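Numbering (the working numbering), first residue to last: -17 to 289. Note that CB positions come from ideal geometry on N, CA and C, so glycine has one too. Treat the numbers as computed from the prediction; the structure is a model and nothing was measured. Shown next, in structure tokens, is the structure this report addresses.
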């Protein structure tokens, strides 16, 4: 293979793709599968993703930077409005868009709404991805592919299962085929450009999302107050974090009877954080109430959700 002066193969492609879809269609799981490791949290709860998280896929002939966006939906809070604005700004900044539609659910108003939005993005190719094929029968997958084909003009339409690895590499191939020739954008070995503290906060939020009432996930925010190697202990990192909820009743749900629920959250989060950092972790979690933070511009800024 011919290489350029800096060692980059001739014909090397590099660029950005983003995944868009309504909430809970498997965007984060697919990004993690493409990258080969966990860089975005996943949950059975909708609207889990709150930031445009970038995962980096390295191949001998290409570097694909996947931007996982929050689910596009009709916003009901100021937080929701800011997340939708984040999605729309991302669409204008990438080289190719992956439109995710789940195989196990009929094409609905949310999918049609997003398809109409994408029809207005004239210059960027769109690859339609039918996700979660492991949860659907072959007939359902065929029906979904046909229905998606009727939603608009797409560069490609492909079914896949991130959970089982079915056609994940093909999804990567199709996205890369639409990237421009160029130099790598990130050093070899980088899997995300998210700061470690942000990743740690997301892992704590993921642990807190599991097993709580349906209305609670949207009210949880996590901030890592401090994260440092313990003095004299190269093998131990101290993490002090705050979970913020909107009402006192939600605080009780998170803490649980005699603190049992919070201990479960801490144990689950600590395992994931230790895997991420490759070291032992001491995790200190506190729960506080920030009344109606999703609707308060000042509190949103404090929690990292900017205008």
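Give me whichever residues DSSP pairs with residue i in a beta bridge.
{"i": "residue 143", "result": "148"}
{"i": "residue 81", "result": "2, 110"}
{"i": "residue 38", "result": "47"}
{"i": "residue 163", "result": "-5"}
{"i": "residue 206", "result": "223"}
{"i": "residue 138", "result": "109"}
{"i": "residue 174", "result": "37"}
For the putative contact between residue i and residue j, defined by C-beta atoms under 8 Å, what is the C-beta separation to the nearest angstrom?
{"i": "residue 85", "j": "residue 5", "result": "Contact flag wrong, Cβ pair sits at about 16 Å."}
{"i": "residue 330", "j": "residue 174", "result": "Lying outside -17 to 289, the shown extent of the chain, residue 330 is not represented and no answer is given."}
{"i": "residue 110", "j": "residue 130", "result": "5 Å"}
{"i": "residue -4", "j": "residue 154", "result": "Actually they are not in contact, since the Cβ atoms of residue -4 and residue 154 sit about 13 Å apart, beyond 8 Å."}
{"i": "residue 78", "j": "residue 106", "result": "7 Å"}
{"i": "residue 228", "j": "residue 273", "result": "6 Å"}
{"i": "residue 291", "j": "residue 127", "result": "With the chain represented from -17 up to 289, any question about residue 291 goes unanswered, as that position is not in the structure."}
{"i": "residue 100", "j": "residue -1", "result": "With a Cβ gap of about 14 Å, residue 100 and residue -1 do not count as contacting."}
{"i": "residue 223", "j": "residue 267", "result": "6 Å"}
Excluding the 5 residues preceding and the 5 following residue i in the sequence, name in chain order all residues of the same chain whose CB lies nearer than 6 Å to its CB.
{"i": "residue 253", "result": "none"}
{"i": "residue 13", "result": "22, 37, 48, 50"}
{"i": "residue 103", "result": "73"}
{"i": "residue 1", "result": "9, 50, 80, 82"}
{"i": "residue 162", "result": "-3"}
{"i": "residue 136", "result": "108, 110"}
{"i": "residue 211", "result": "219"}
Using a Cβ-Cβ cut-off of 7 Å (strictly less than) and excluding sequence neighbours within five positions of residue i, which residues of its own chain qualify?
{"i": "residue 93", "result": "4, 83, 133"}
{"i": "residue 263", "result": "219, 221, 252, 255, 256"}
{"i": "residue 159", "result": "none"}
{"i": "residue 114", "result": "8, 84, 85, 86, 143"}
{"i": "residue 237", "result": "243, 244, 269"}
{"i": "residue 217", "result": "261, 262"}
Given 6 Å as the limit, tell me if residue i has its C-beta closer than that to any heavy atom belonging to the ligand ZN.
{"i": "residue -4", "result": "Among the ligands in the structure shown, none appear at all, so the ligand ZN cannot be discussed."}
Short of 8 Å in beta carbon distance, which residues of its chain neighbour residue i, apart from the five on each side in sequence? Order them along the chain.
{"i": "residue 17", "result": "37, 38, 39, 48, 173, 174"}
{"i": "residue 178", "result": "209, 258, 259"}
{"i": "residue 271", "result": "226, 227, 228, 229, 230, 232, 233"}
{"i": "residue 147", "result": "15"}
{"i": "residue 120", "result": "none"}
{"i": "residue 116", "result": "143, 145, 146, 148"}
> Does the pairing of the segment 157 to 177 with the segment 241 to 261 give three or more beta-carbon distances under 8 Å?
Replying inline: no
>> For a minimum of 3 consecutive residues, which ranges assigned as the beta strand (DSSP E) are wholly contained in the segment 210 to 275?
In response: The segment 210 to 275 is shown to contain whole beta strand (DSSP E) runs of 3 or more residues at 218 to 227, 262 to 271, in chain order.
> Is the segment 184 to 193 close to the segment 207 to 216, with three or more CB pairs under 8 Å?
Replying inline: no
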